[in-house]
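Colleague: Residue numbers (our numbering): 1 to 278.
Right, I'll just put the structure down here and ask away after.
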Amino acid sequence: MAPPVHHWIKDQDHRQFQSEGYMVIRNVVPASITDNAVREIAAFVGADLADSTTWYRGAPQLDGIVPLHHAQSLWDIRQSPNLYQVFAEFFETPRLMVDINRCIFRPPVHPDFPAISHGTIHWDTDPRAPGPGSLQAVVLLTGVGRDGGGFQCLPEVYQNLDAWLKRYAPRHFDFFNPGLNHWKATQIEGKAGDVILWSTKLPHGTATNLSDRPRVAAFISMEPATDDPQVRKLMKNWWLTKRAPDCWRGLPGQLDPEPGAPAVLSELGLKLIGVLPW
Numbered sequence: 001m002a003p004p005v006h007h008w009i010k011d012q013d014h015r016q017f018q019s020e021g022y023m024v025i026r027n028v029v030p031a032s033i034t035d036n037a038v039r040e041i042a043a044f045v046g047a048d049l050a051d052s053t054t055w056y057r058g059a060p061q062l063d064g065i066v067p068l069h070h071a072q073s074l075w076d077i078r079q080s081p082n083l084y085q086v087f088a089e090f091f092e093t094p095r096l097m098v099d100i101n102r103c104i105f106r107p108p109v110h111p112d113f114p115a116i117s118h119g120t121i122h123w124d125t126d127p128r129a130p131g132p133g134s135l136q137a138v139v140l141l142t143g144v145g146r147d148g149g150g151f152q153c154l155p156e157v158y159q160n161l162d163a164w165l166k167r168y169a170p171r172h173f174d175f176f177n178p179g180l181n182h183w184k185a186t187q188i189e190g191k192a193g194d195v196i197l198w199s200t201k202l203p204h205g206t207a208t209n210l211s212d213r214p215r216v217a218a219f220i221s222m223e224p225a226t227d228d229p230q231v232r233k234l235m236k237n238w239w240l241t242k243r244a245p246d247c248w249r250g251l252p253g254q255l256d257p258e259p260g261a262p263a264v265l266s267e268l269g270l271k272l273i274g275v276l277p278w
C-alpha cells in the first residue's frame, strides 16, 4: 500500500487566505537548507552573526533588502520538493514556474542607524487593478517573534478593500507609501522553514525589529508555468549568467553578474525555470 499523501495546505488555510488574504504553512523548508541560506546572505552583506557591529553594512536606502538572487542555497529553496508541493496545492496544478527574487537581512533598530528596521505597510502592486491579484510569498530563514521585524499585514483593509480604496485612495494614490505605517498590524511569528503566502491585494510589510538579532528571509514565489518561449529563454539566461531580472538591477551593493558558476539545479529546478518540459 502506498504511503498517504501529505497535504501541506489544509481547508482552514484556504479559508484564512480567502477571508484575510494570507496563510502560513509551517516547517516546509528543512534546516539544512535554511541554515546555508542564512550563512550566504550574511556573507553577502558582510555580517558576522556573532558580532552585532557588523549587522548594519547594507545600503540604508534598501532597509534590509538584500540584492542577492543566485546563491546555491536560494536555488535549493526554490527547488525544494516541499515548497514546490505547497504551490502545486495552492494553484491546483503541477506545472509551475518559480520567480527569481531577493532576500531580507533586517537588523534590530539602532540609534546610530535611525533610517532602517522600522515598521512599514504597503502594496507592491496597485490594489485598484481589476481581478483577484496574484500571489506573493516569503520563506523564513530564522525564527521571528513579535516585534522581531517579521511579516505584518492589515487583514481588515483586505476584507473591506473596495470600500477602503473608495474612501481613502486619491486619484494619484501611492500604493507603495499609502500612509498606513501607524495602523496596528497583525504580526506573523514563525520559525525557520515556515512559509507565508499572501495576496497582492493585502497591505503588508515588515514590523519594527525590536529584538536582539537580525531577521533573515527569502522572497520566493511560484505561478502556473507559461509556454511562452521568450519567458523560458529569459529565465534560463538569468540562471546561467547569474543576473537579476531586469527590473531589479542597479541596486546599491548589487553584483552584476553575481560571481561564481551557475547554481546546480535538480530536475525539478530545471522544470521550474522552463529548461525542461513538464
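Where is the CB? At the ideal position from N, CA and C, for every residue including glycine.
Predicted, not measured: the structure shown is a model, and the values here were computed from it.
(1) Look at Gly190 and Val24 and say whether their C-beta atoms are less than 8 Å apart.
(2) Among Arg102, Glu267 and Leu49, which has the Cα closest to the Cα of Arg213?
(3) Name the two residues that bound the continuous alpha helix (DSSP H) containing Ser73.
(4) Note down, one range per segment and in chain order, each beta strand (DSSP E) of at least 3 residues found wholly within the region 138 to 218.
(5) Starting from Met97, follow its DSSP beta bridges and name the residues at the other end.
(6) Using 8 Å as the threshold, is the region 160 to 177 in touch with the region 94 to 113, meaning 3 or more CB pairs across them?
(7) In this structure, does DSSP put His14 in helix, strand or coil?
(8) Does the region 96 to 109 come close enough to the region 233 to 248 to have 3 or more Cβ pairs within less than 8 Å?
(9) Helix, strand or coil: how does DSSP classify Asp35 here?
(10) Which term fits Leu140, buried or exposed, when burial requires 16 or more other beta carbons within 10 angstroms of its beta carbon?
(11) Determine contact between the region 136 to 154 and the region 195 to 215, defined as no fewer than three beta-carbon pairs at a distance below 8 Å.
(12) With burial defined as no fewer than 16 other Cβ atoms inside 10 Å of the residue's Cβ, what is the status of His7: buried or exposed?
(13) Taking buried to mean at least 16 other C-beta atoms within 10 Å of its own C-beta, is Met1 buried or exposed?
(14) Suppose you measure from the CA of Thr34 to the CA of Arg146; what does that come to, to the nearest Å?
(15) Arg95 and Pro229: beta carbons closer than 8 Å?
Modeller: Once the coordinates are examined:
(1) Within the sequence shown, numbered from 1, the residue matching residue 190 stands at position 190. Within the sequence shown, numbered from 1, the residue matching residue 24 stands at position 24. Remark: C-beta atoms of Gly190 and Val24 approach each other more closely than 8 Å.
(2) Stepping through the sequence shown from its first residue, residue 213 is reached at position 213. Cα-wise, what sits closest to Arg213 is Leu49.
(3) Against the sequence shown, residue 73 aligns to sequence position 73. Where Ser73 is concerned, the enclosing alpha helix (DSSP H) stretches over Gln72 to Arg78.
(4) The qualifying runs are 151 to 153, 195 to 199 and 204 to 206.
(5) As a first step, residue 97 must be located in the sequence shown, where it is residue number 97. By DSSP's assignment, Met97 forms a beta bridge with Glu223.
(6) The region 160 to 177, when compared against the region 94 to 113, does not touch it at the 8 Å Cβ threshold.
(7) For the purposes of this step, residue 14 is identified with residue 14 of the sequence shown, where counting begins at 1. DSSP places His14 in helix when its eight states are reduced to three.
(8) In short, these stretches touch, since the Cβ pair count reaches three.
(9) Translated into positions along the sequence shown, residue 35 becomes position 35. Asp35: helix per DSSP, three-state reduction.
(10) Residue numbering aside, residue 140 sits at position 140 when the sequence shown is read from its first letter. Buried is the call here.
(11) Between the region 136 to 154 and the region 195 to 215 there are three or more C-beta pairs closer than 8 Å, enough to call the two in contact.
(12) Position 7 of the sequence shown, counting from 1, holds the residue named residue 7. Exposed is the call here.
(13) Within the sequence shown, residue 1 is the residue found at index 1, counting from 1. Residue placement at Met1 is poorly supported in this model, since its pLDDT is 47, which falls under 50; the coordinates still yield a value, given next. Met1 comes out exposed.
(14) The count along the sequence shown starts at 1 and reaches residue 34 at position 34. The count along the sequence shown starts at 1 and reaches residue 146 at position 146. Rounded to whole angstroms, Thr34 and Arg146 show a C-alpha spacing of 21 Å.
(15) Along the sequence shown, read from residue 1 onward, the residue named residue 95 stands at position 95. Along the sequence shown, read from residue 1 onward, the residue named residue 229 stands at position 229. No, they are not a contact pair.
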